[in-house]
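One structure below.
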Ligand code: PBG
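In the numbering used here, the protein residues as written are 1254 to 1594.
Printed below as a string of structure tokens:
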């Protein structure tokens, strides 16, 4: 058998483990299924989609193979597909015509802007599908920041007023959940007040409570066409990725202001934050598996370096294990199809 003589361990394995054998339950597929602690189902998925103007337009995003910018008519088709697959909700992100951008992101207040047109069209066609809209200014500003920029500074309180007004327009259009991703102080309370004053008591708020300043958003900036615009970084408003206690304080503040759900973004590099928030607050907690996370898996798979489908499933299950109730992921339709098969 072995061509070398092995020294005997001084104790037998049973003496070492006290007869405990954790491999017993791993011995067969049936026993592994029986003891599986976490599961991914279609009910866990939120599908982020990108919108563009025009009709019958479907533009592939170079840095995100398999992800497209869709005109509203085609977004409606995808919404119908999502509903058929059982995906609970979509989150929309617009590529806004450059001519409509300005320093304050005013177009976000247009009741007929791209986000609101898409919400209305999707709700008319598939009312049973949840719609989540982002109230952040970055797709609408000519500098790509999430806030109103004055003398090189993001003006918190003016931005909050703008974001809260935008949230009302989004709710008017039929949005079920407003999800502000801008990280301004006080935005959740201001949005709650504005929604309630407008009669939108039943519109929920998903707080991007812990959004970190991250390199993993790169491909998203290509997707919404802000990559050339943004000067500098977003460190004066997103959380330093070195910090964890600060993320807990941010989530606590957002819950106190009225957030219904929390989100951690990016996802996989921040599983520790997800677990901390879930343990601390027992609140519906979500992760955003962001563009860079998607692209890394797809690119490695395209090179034959990893099994893309398995890596995708493993990454999503990791979110469940960390404590997530659901995941925003560009893989949503693919996963939903695989889970169905
Ligand atoms: C900005 C915003 C970002 C994402 C969604 N909204 C980050 C940014 O541009 O800094 C990233 C989403 C992704 O990477 O998939 N409000």
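Just so you know, even glycine gets a beta-carbon here, dropped at the ideal spot from N, CA and C. If you're wondering where the values come from, they're calculated on a predicted model, not measured in any experiment.
**Prompt:** Tell me which same chain residues have a C-beta within less than 7 Å of the C-beta of residue 1373, skipping the five on either side of it?
**Reply:** What you label residue 1373 is simply residue 120 of the chain shown in a count that begins at 1. 1426 and 1427.
**Asked** Do you know offhand how far residue 1446's Cα is from residue 1337's?
**Response** In the chain shown, residue 1446 corresponds to position 193, counting from 1. In the chain shown, residue 1337 corresponds to position 84, counting from 1. Each residue's Cα considered, the two are about 35 Å apart.
**Message:** On the CB-based measure, 16 or more other CB atoms within 10 Å of its CB, does residue 1484 come out buried or exposed?
**Reply:** Taking the chain shown and counting its residues from 1, the one referred to as residue 1484 is at position 231. So residue 1484 counts as exposed.
**Prompt:** Alpha carbon to alpha carbon, what distance is there between residue 1354 and residue 1476?
**Reply:** Along the chain shown, one-based indexing puts residue 1476 at 223. Along the chain shown, one-based indexing puts residue 1354 at 101. Taking the straight line from one Cα to the other gives about 16 Å.
**Message:** Using C-beta distances below 6 Å, list every residue in its chain close to residue 1473, excluding the 5 sequence neighbours before and after it, in chain order.
**Reply:** For this step, residue 1473 is matched to residue 220 along the chain shown. Around residue 1473: 1544.
**Asked** Within 10 angstroms of its Cβ, does residue 1287 collect 16 or more other Cβ (buried), or is it exposed?
**Response** As a first step, residue 1287 is located in the chain shown; it is residue number 34 there, counting from the start. It counts as exposed.
**Asked** Using the C-alpha atoms, what's the distance from residue 1307 back to residue 1535?
**Response** Position 282 of the chain shown, counting from 1, holds the residue named residue 1535. Position 54 of the chain shown, counting from 1, holds the residue named residue 1307. One C-alpha to the other measures close to 43 Å.
**Message:** Which residues does DSSP list as the beta-bridge partners of residue 1355?
**Reply:** For the purposes of this step, residue 1355 is taken as the residue at position 102 of the chain shown. Note: residue 1355 sits in a beta bridge opposite 1394.
**Prompt:** According to the neighbour-count rule (16 or more other Cβ atoms, all chains shown, within 10 Å of its Cβ), is residue 1556 buried or exposed?
**Reply:** One-based indexing of the chain shown puts residue 1556 at position 303. So residue 1556 counts as exposed.
**Request:** Along the beta strand (DSSP E) that carries residue 1343, what are the first and last residues, could you check?
**Result:** Locating residue 1343 in the chain shown gives position 90, counting from the first residue. Segment 1342-1347, the beta strand (DSSP E) holding residue 1343.
**Prompt:** Rounded to whole angstroms, how far is the Cβ of residue 1521 from the Cβ of residue 1467, which I believe are closer than 8 Å?
**Reply:** For the purposes of this step, residue 1521 is taken as the residue at position 268 of the chain shown. For the purposes of this step, residue 1467 is taken as the residue at position 214 of the chain shown. Not really, about 11 Å apart at Cβ, beyond 8 Å.
**Asked** Can you list, in chain order, the stretches of the alpha helix (DSSP H) that have 4 or more residues and sit fully within the stretch 1388-1472?
**Response** Listed in chain order, the alpha helix (DSSP H) runs fully inside the stretch 1388-1472 are 1409-1426 and 1440-1450, counting runs of at least 4 residues.
**Request:** Report, in whole angstroms, the separation of the C-beta atoms of residue 1345 and residue 1302, which I expect to be a contact under 8 Å.
**Result:** The residue given as residue 1345 occupies position 92 in the chain shown. The residue given as residue 1302 occupies position 49 in the chain shown. Going by Cβ atoms, the distance from residue 1345 to residue 1302 rounds to 6 Å, so yes, they are a contact pair.
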